[in-house]
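*Asks:* Each residue of the sequence shown is one higher than the one before, counting from 783 in my numbering.
Backbone N, C-alpha and C define an ideal beta-carbon position, used for all residues, glycine too.
Here you go, one structure.
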Amino acid sequence: MVTDGGGWTVVLRRQDDSINFTREWQDFKDGFGSLNGEFYLGNEMIHKLTLGEDKKYSLVVDLEAYDGQNGFGFYTDFSIGPESDNYKLHISGYLLNSTVGDSLTYHDGMMFSTIRRDNDKLVNTNCAVKYKPWWHKNCCHSSLFAKYGKYPILSERGGMNWQYDWGTKNFAKRATMMIRPN
Numbered sequence: 783m784v785t786d787g788g789g790w791t792v793v794l795r796r797q798d799d800s801i802n803f804t805r806e807w808q809d810f811k812d813g814f815g816s817l818n819g820e821f822y823l824g825n826e827m828i829h830k831l832t833l834g835e836d837k838k839y840s841l842v843v844d845l846e847a848y849d850g851q852n853g854f855g856f857y858t859d860f861s862i863g864p865e866s867d868n869y870k871l872h873i874s875g876y877l878l879n880s881t882v883g884d885s886l887t888y889h890d891g892m893m894f895s896t897i898r899r900d901n902d903k904l905v906n907t908n909c910a911v912k913y914k915p916w917w918h919k920n921c922c923h924s925s926l927f928a929k930y931g932k933y934p935i936l937s938e939r940g941g942m943n944w945q946y947d948w949g950t951k952n953f954a955k956r957a958t959m960m961i962r963p964n
């Protein structure tokens, strides 16, 4: 994991399937879980932390696959918009020294979706039904809120997914998202 000097706030930790991440809008707004185990800080808190044009935040996504492979993705500009904008994701500045590919910039500008609140770009499909809540576009290049587990083929897309340059056969066994001010 890249900590690059410290000062990081963990906003997501998935490690052992002790928490169900198939949840409703309000849960993702408020956050859930235990800071000592699996948790999500919540869209509202992350929005408040990253609010403001004068404040820029970096994001690190740290991953471990079932085969033991580890990697990270580093982004220099991350924020989440207000609930009135459906917690729209703003992500850019992917660093090329990251050890997993850029599977998040694809979702830039997307509003958060849950099973009952469909905000993706597809007209007749709700990506959150199959891939679970996330900032879906035309479904996903990544989905770290997906069902925990290892699946034999990518098309099942049951597990936590980070698609590019990390191995399309690798589902994440562990995932951590951390932010800090630039």
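In angstroms, rounded to a whole number, what distance separates the CA positions of residue 793 and residue 817?
*Replies:* The residue given as residue 793 occupies position 11 in the sequence shown. The residue given as residue 817 occupies position 35 in the sequence shown. When rounded, the distance between both Cα atoms is 9 Å.
*Asks:* Let me know the alpha helix (DSSP H) ranges lying completely inside the stretch 893 to 920, each 4 residues or longer, listed in chain order.
*Replies:* Listed in chain order, the complete alpha helix (DSSP H) runs (minimum 4 residues) inside the stretch 893 to 920 are 909 to 913.
*Asks:* Measuring only the C-alpha atoms, how far is residue 836 from residue 962?
*Replies:* For the purposes of this step, residue 836 is taken as residue 54 along the sequence shown, with counting starting at 1. For the purposes of this step, residue 962 is taken as residue 180 along the sequence shown, with counting starting at 1. Approximately 14 Å, taken between the alpha carbons.
*Asks:* Which same chain residues, not among the five before or five after residue 896, have their C-beta less than 8 Å away from its C-beta?
*Replies:* The sequence position of residue 896 within the sequence shown is 114, counting from 1. Excluding positions up to five away in sequence, the list reads 805, 806, 807, 810, 910 and 915.
*Asks:* Starting from the Cα of residue 826, find the closest Cα among 907, 795, 861 and 801 and give me that residue.
*Replies:* Indexing the sequence shown from 1 puts residue 826 at position 44. Ranking the options by Cα distance to residue 826, first place goes to 861.
*Asks:* Applying the 10 Å Cβ sphere with the 16-neighbour rule, what's the burial state of residue 843?
*Replies:* In the sequence shown, residue 843 corresponds to position 61, counting from 1. Answer is buried; the Cβ neighbour count reaches 16.
*Asks:* With a CB to CB cut of under 7 Å and the five nearest residues on each side skipped, what residues in its chain are close to residue 812?
*Replies:* The residue you call residue 812 lines up with position 30 of the sequence shown. Counting only Cβ-Cβ distances below 7 Å, and skipping sequence neighbours, we find 824 and 826.
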